[in-house]
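Trainee:
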Amino acid sequence: PGNWHHGDYVELTIHGGMIVYGRSDAVLNPSGVRIGTAEIYRQAEQIDEVIESLVIGQRWDGDTRVVLFVRLREGLVLDHDLQTKIRSIIRTNASPRHVPAKIIQVADIPRTRNGKITEVAVRKLVHGESIDNLEALDNPEALDLYRNIPELQTD
Numbered sequence: 007p008g009n010w011h012h013g014d015y016v017e018l019t020i021h022g023g024m025i026v027y028g029r030s031d032a033v034l035n036p037s038g039v040r041i042g043t044a045e046i047y048r049q050a051e052q053i054d055e056v057i058e059s060l061v062i063g064q065r066w067d068g069d070t071r072v073v074l075f076v077r078l079r080e081g082l083v084l085d086h087d088l089q090t091k092i093r094s095i096i097r098t099n100a101s102p103r104h105v106p107a108k109i110i111q112v113a114d115i116p117r118t119r120n121g122k123i124t125e126v127a128v129r130k131l132v133h134g135e136s137i138d139n140l141e142a143l144d145n146p147e148a149l150d151l152y153r154n155i156p157e158l159q160t161d
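Reading the sequence shown from the start, the letters are residues 7 to 161 in the numbering used here.
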């Protein structure tokens with residue numbers, strides 16, 4: 007009674023307003039700073055070369071680092087210049103804390119049958135954890151793209 011649970015992480019401000027960070031199970035927390043994934047998507051997906059993206063927090067060296075996966079327009083490759091552009095736009099329009107430690111190109115992004123991207127499944131896969139409800143995914147084969155990525159094993 008008196009509570010409403012909907013799965014989003016929300017902060018009440020001292021002025022009575024609310025900051026909605028996004029799904030509580032997908033909020034990033036690098037160095038103790040809460041970042042909603044939508045804050046990063048909003049920046050990454052305004053870049054012409056990026057069709058869509060998926061961001062997770064990867065446990066790394068006693069903390070969490072932000073990892074951004076990007077699906078690019080056909081024929082494009084994620085080179086140093088494009089990574090610099092993505093980082094610059096995120097830094098300028100969000101904050102330095104939002105800038106991903108890793109940006110990795112992928113050919114597909116896993117989605118549920120109702121079209122939502124599956125950050126939690128990718129994060130679990132990256133951490134070697136079991137994934138629940140594979141039958142809820144529209145393209146479960148896309149998860150294979152996130153297994154054993156060498157870039158995620160280095161600084």
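Beta carbons: idealized from backbone N, C-alpha and C, even for Gly.
Comparing C-alpha positions only, which one of Leu151, Ser37, His104 and Ile110 sits nearest to Gly68?
Mentor: Measuring C-alpha to C-alpha distances from Gly68 to each of Leu151, Ser37, His104 and Ile110 identifies Ser37 as the nearest.
Trainee: Can you tell me which of the three DSSP states Thr70 falls into?
Mentor: The answer is strand: DSSP assigns Thr70 an E or B state.
Trainee: Out of Thr43, Asp138, Asp85 and Glu147, point me to the one whose CA is closest to Val105's CA.
Mentor: Just measuring C-alpha positions, the residue of Thr43, Asp138, Asp85 and Glu147 sitting nearest Val105 is Thr43.
Trainee: Which of the three DSSP states is assigned to Ile46 in this structure?
Mentor: Helix.
Trainee: Could you tell me if Leu140 is buried or exposed, where buried requires 16 or more neighbouring beta carbons within 10 angstroms of its beta carbon?
Mentor: The residue in question, Leu140, is exposed, as its Cβ has fewer than 16 Cβ neighbours within 10 Å.
Trainee: Looking only at its own chain, which residues have a Cβ that is under 6 Å from the Cβ of Ala148, when we skip the five neighbours before and after it?
Mentor: Asp114 and Pro116
Trainee: Report the residue from Thr19, His133 and Leu34 whose alpha carbon sits nearest the alpha carbon of Arg71.
Mentor: With distances taken between Cα atoms, Arg71 lies closest to Leu34.
Trainee: Can you check which of these residues, Leu151, Ala107, Pro146 and Arg129, is closest to Gly121 by C-alpha distance?
Mentor: Pro146
Trainee: Taking a contact to mean a Cβ-Cβ separation below 7 Å, would you say Val83 touches Ser59 in this structure?
Mentor: no
Trainee: Given Ile137, which residues of its chain have a CB within under 8 Å of its CB, disregarding the five upstream and five downstream residues?
Mentor: Within the same chain, Ala127, Lys130, Leu131 and Leu149 come within 8 Å of Ile137 by CB-CB distance, once the 5 residues on both sides are set aside.
Trainee: Indicate the three-state DSSP secondary structure (helix, strand or coil) for Val112 in the structure shown.
Mentor: In this structure, Val112 counts as coil in the three-state DSSP scheme.
Trainee: Inspect the beta-carbon positions of Ile110 and Glu55 and report whether they are closer than 7 Å.
Mentor: Contact flag unset, no.
Trainee: Between His86, Val73 and Gln52, which lies nearest to Tyr152 when the distance is taken from Cα to Cα?
Mentor: Comparing alpha carbon positions, the residue from His86, Val73 and Gln52 closest to Tyr152 is Val73.
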